[in-house]
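Enquirer: Protein chains in written order, with the working numbering: chain Z, 3 to 188; chain A, 335 to 475. C-beta: ideal position from N, C-alpha, C; glycine also. Nothing here was measured: the structure is a model prediction, and the numbers come from that model.
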């Protein structure tokens, strides 16, 4: 159940999203597809492409978290669960226009599974048989990982199910590995 | 307005500007480390002392100068050292972060994260802080 803070942030991010300049979703979908093709030209192995997408996503996440925090003002989150509620609900709403839904948490509240309906990156996509294993949404996983890293959460984000492989919706999991601390220098 | 610093969460000083030309730094690297360490300790001290969570120090004054400070959730620390009579720089630092730092530095693809802000790629931000920020802060006090 989202906290009151998370609900307020979702409203604020919907309002902020409506004011932002937008591009057509087909442009984003096709650009992303061509982008992945381009990465394949530089590195032929699927594992390397997956790793490269994750790295690019992380670099993006480190930056866009400041964009989100500077535009949406909200109270400090009281727990990792609240942070994930805000990230999945409002973070995706602010940048993507669609909100994710958290499906479940594990017992220790350190791992969640969330669903993203209408993931427009996957429109029109078919993965050929010889490229099975490609994690098409790995850049999104990297963005979440980078964003949480910037606020001192070390997490592992994985694609559990993907519409490009025939699932009904895209499902991801976020697992908290470690809490980081600001460095104190030498 | 005497000095301005920007630190990141890895204790690196990304930017340092001095307006007071008469100010002599004996060992500037040591001074930067001291400022970062002081802010780190003050944050811990206040969180242990405060009656409820979320308390932050906005400014610290001595009889000679005032240190104004804003820290983002992502660990960027904006520090402004001014004369004692200057008040309320916190809101200006927040506005600086939102309107100048995020669009011109963080979202700037030409800027490599955690590198020095005194470069061509972040010229807009650097020039704004050096030329316009003091008059905005001092003009309204």
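Note down, in chain order, every chain A residue with its Cβ under 7 Å from the Cβ of residue 67 (chain Z).
Expert: Those are 408, listed as they occur along chain A.
Enquirer: Give me, in chain order, the residues of the same chain whose beta-carbon lies closer than 7 Å to that of residue 451 (chain A); leave out the 5 immediate sequence neighbours on both sides.
Expert: Cβ neighbours of residue 451 (chain A) beyond the five flanking positions: 340, 348, 349, 439, 459, 460.
Enquirer: Beta-carbon within less than 7 Å of residue 426 (chain A)'s beta-carbon, same chain only, minus the 5 sequence neighbours each way: which residues are those?
Expert: Answer for residue 426 (chain A): 470, 471, listed in chain order.
Enquirer: Identify every residue that forms a DSSP beta bridge with residue 158 (chain Z).
Expert: For residue 158 (chain Z), which the question treats as bridged, DSSP gives the partners Z:177.
Enquirer: Using the rule of at least 16 other Cβ atoms within 10 Å of the residue's Cβ for burial, across every protein chain shown, is residue 360 (chain A) buried or exposed?
Expert: With fewer than 16 Cβ atoms within 10 Å of its Cβ, residue 360 (chain A) is classed as exposed.
Enquirer: Counting along the chain, where does the alpha helix (DSSP H) carrying residue 386 (chain A) start and finish?
Expert: Note, residue 386 (chain A): premise wrong, no alpha helix (DSSP H); not H, not E.
Enquirer: Count Cβ pairs between the region 430–447 of chain A and the region 171–184 of chain Z that sit closer than 8 Å; are there 3 or more?
Expert: No: fewer than three Cβ pairs fall under 8 Å.
Enquirer: Leaving out the 5 sequence neighbours to the left and right, which residues in its chain are closer than 7 Å to residue 45 (chain Z) when beta-carbon positions are compared?
Expert: Taken in chain order, the residues that qualify are 51, 54.
Enquirer: Just to confirm the assignment, what range does the alpha helix (DSSP H) spanning residue 86 (chain Z) have?
Expert: Taken as a continuous stretch (DSSP letters only), the alpha helix (DSSP H) holding residue 86 (chain Z) covers 82–88.
Enquirer: Do residue 91 (chain Z) and residue 104 (chain Z) have their C-beta atoms within less than 9 Å of each other?
Expert: Cβ distance < 9 Å, so residue 91 (chain Z) and residue 104 (chain Z) count as in contact.
Enquirer: Does chain A have any CB closer than 9 Å to the CB of residue 41 (chain Z)?
Expert: Chain A contact via Cβ: absent.
Enquirer: What are the boundary residues of the beta strand (DSSP E) that includes residue 411 (chain A)?
Expert: Here the beta strand (DSSP E) through residue 411 (chain A) covers 411–417.
Enquirer: Using the beta-carbon of each residue, which ones in chain Z are nearer than 7 Å to residue 431 (chain A)?
Expert: Result: 72.
Enquirer: With DSSP run on the structure shown, which of helix, strand or coil describes residue 116 (chain Z)?
Expert: Here residue 116 (chain Z) sits in strand by DSSP.
Enquirer: Does chain A have any CB closer than 9 Å to the CB of residue 17 (chain Z)?
Expert: Chain A contact via Cβ: absent.
Enquirer: Taking Cβ-Cβ distances below 7 Å as the criterion, which residues of the region 457–474 of chain A are in contact with chain Z?
Expert: Within the region 457–474 of chain A, no residue has a Cβ that lies closer than 7 Å to any Cβ of chain Z.
Enquirer: Whole-angstrom Cβ separation of residue 59 (chain Z) and residue 121 (chain Z), contact assumed at under 8 Å?
Expert: Not quite, the Cβ-Cβ distance comes to about 14 Å (not below 8 Å), so this is no contact.
Enquirer: Does the region 59–75 of chain Z come within contact of the region 140–152 of chain Z, defined as at least 3 CB pairs closer than 8 Å?
Expert: Yes, they touch.
Enquirer: Determine whether the Cβ of residue 58 (chain Z) lies closer than 9 Å to any Cβ atom of chain A.
Expert: It does not: the Cβ of residue 58 (chain Z) has no partner Cβ on chain A nearer than 9 Å.
Enquirer: Of the choices A:417, A:421, A:352, whose alpha-carbon is the least far from that of residue 366 (chain A)?
Expert: Comparing Cα positions, the closest option is A:352.
Enquirer: Measuring alpha carbon to alpha carbon, tell me which of Z:69, Z:133, Z:144, Z:155 ends up nearest residue 161 (chain Z).
Expert: Of the listed residues, the one whose Cα sits closest to residue 161 (chain Z) is Z:144.
Enquirer: Helix or strand or just coil, what does DSSP make of residue 352 (chain A)?
Expert: It is a strand residue.
Enquirer: Per the contact definition of three or more C-beta pairs closer than 8 Å, is the region 391–402 of chain A in contact with the region 415–426 of chain A?
Expert: Short answer: they touch.
Enquirer: Which word fits residue 375 (chain A), buried or exposed, when buried means at least 16 other C-beta atoms lie within 10 angstroms of its C-beta?
Expert: Residue 375 (chain A) comes out exposed.
Enquirer: Mind checking if residue 436 (chain A) is an interface residue toward chain Z, Cβ cutoff 9 Å exclusive?
Expert: Output row for residue 436 (chain A): interface = yes.
Enquirer: What residues match up with residue 172 (chain Z) in a beta bridge as DSSP calls it?
Expert: Z:118, per the DSSP bridge assignment.
Enquirer: Might you give, ordered along the chain, the residues of its own chain that have their beta carbon closer than 6 Å to the beta carbon of residue 166 (chain Z), omitting 5 neighbours on each side?
Expert: Only 124, 127, 129, 138 meet the Cβ criterion.
Enquirer: Counting along the chain, where does the beta strand (DSSP E) carrying residue 339 (chain A) start and finish?
Expert: First-last of the beta strand (DSSP E) with residue 339 (chain A): 337–341.
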